[in-house]
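Each step along the sequence shown adds one to the number in the numbering used here, with nothing skipped, and position 71 is 90. All C-beta atoms in this analysis are idealised placements derived from N, C-alpha and C, irrespective of residue type, glycine included.
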Amino acid sequence: MKKRTLGFAVLTALVLSSISLTFIGCEGDSGDSAIRQVAIIVAGFYSNPNGDIVQQNTGSPISTMNLLQTGDHLEGIDNNGIIFKGTIGQADSTSASITLTGVTTAGNKGTIAGTISKGSAESTDAELQGTWVEPSLFSTVYGQASVPSSPSNSVNVSISPSSASLTNNGATVAFSASGGSGSYAWSVDNGNGSLSSSSGTSVTYTRSAAGDNGVNVTSGGDSASVTVFQP
């Protein structure tokens, strides 16, 4: 029994160490960093047909995970209403490595580290396999979901309105995106205007100085731009 306990402790320590190194290596990719576009969409409602997504965790069981995606940024909401945040690591059109971190209803930090895969870029069936790690608990993760097909098969992204003119500093205009993968990353060309957000379907542009400016959106490998005229 002592040998099994020791082996479990060593395995858990190795997994925790690996996850820690992953986050240290990605420290520059904080919430304030640019959103990286990836070639796969993993957003969907994940469940396990044979039980809970997380085999064992402290607090209430984690049976489902509604996963949202903006580029390589992930946000998951479990069946207990708890929000998990994470990122996509290595990815191609059929698979992506992910990490998601949140807390259990018992207040313990938990991390999902695993892979989401599809049979092909055109497939809408996704499978999540990985591990769940808490400070004193280690178990498996498994879930299935229906997801959009690869971004290369989606409709081109567009911005509305197609242009705007602002004559006074502090003036604003709202832009909205459509098409693409449904996940949008926004940016501006220079510093004479700013956006209310770097992601989402709609953003508000605010003029801060004279000079025309470009507003850009990227979604699933496709992009669109409009010009804000600022005489």
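Next on the checklist: Can you tell me whether S215 is helix, strand or coil according to DSSP?
Outcome noted: coil
Next on the checklist: Using 8 Å as the cut-off, can you tell me whether the region 134-146 makes contact with the region 74-81, which would need three or more C-beta pairs spanning the two stretches below that distance?
Outcome noted: no
Checklist entry - Short check: CB of S179 to CB of F194, under 9 Å? => result yes
Item to check | C-alpha gap between K128 and D97, whole angstroms | outcome: 14 Å
Checklist entry - In the structure shown, what three-state DSSP assignment does L185 receive? => result coil
Next on the checklist: Suppose you measure from the CA of A243 to the CA of T123; what does that come to, to the nearest Å?
Outcome noted: 40 Å
Item to check | Complete runs of the beta strand (DSSP E) confined to the region 59-146 [at least 3 residues] | outcome: 63-66, 83-89, 92-97, 102-110, 114-122 and 128-137
Item to check | Classification of T237 by the beta-carbon crowding that lies within 10 angstroms, buried from 16 upward | outcome: buried
Checklist entry - Expressed to the nearest angstrom, what Euclidean distance is found between the alpha-carbon atoms of S82 and S182? => result 46 Å
Checklist entry - Shortest alpha-carbon distance to S114 belongs to which of G90, S139 and L93? => result S139
Next on the checklist: In the DSSP output, what is T150 paired with across the bridge?
Outcome noted: A132 and T159
Item to check | Straight-line Cα distance separating G233 from G212 | outcome: 9 Å
Checklist entry - Per DSSP, what kind of secondary structure is D241 in: helix, strand or coil? => result strand
Checklist entry - Does DSSP put R226 in a helix, in a strand, or in coil? => result strand
Item to check | Element boundaries [beta strand (DSSP E), containing S202] | outcome: Where S202 is concerned, there is no enclosing beta strand (DSSP E), given that its DSSP letter is neither H nor E.
Item to check | Collapsed DSSP secondary structure at V9 in the structure displayed | outcome: Since the first and last residues shown for the chain are 20 and 250, residue 9 lies out of range.
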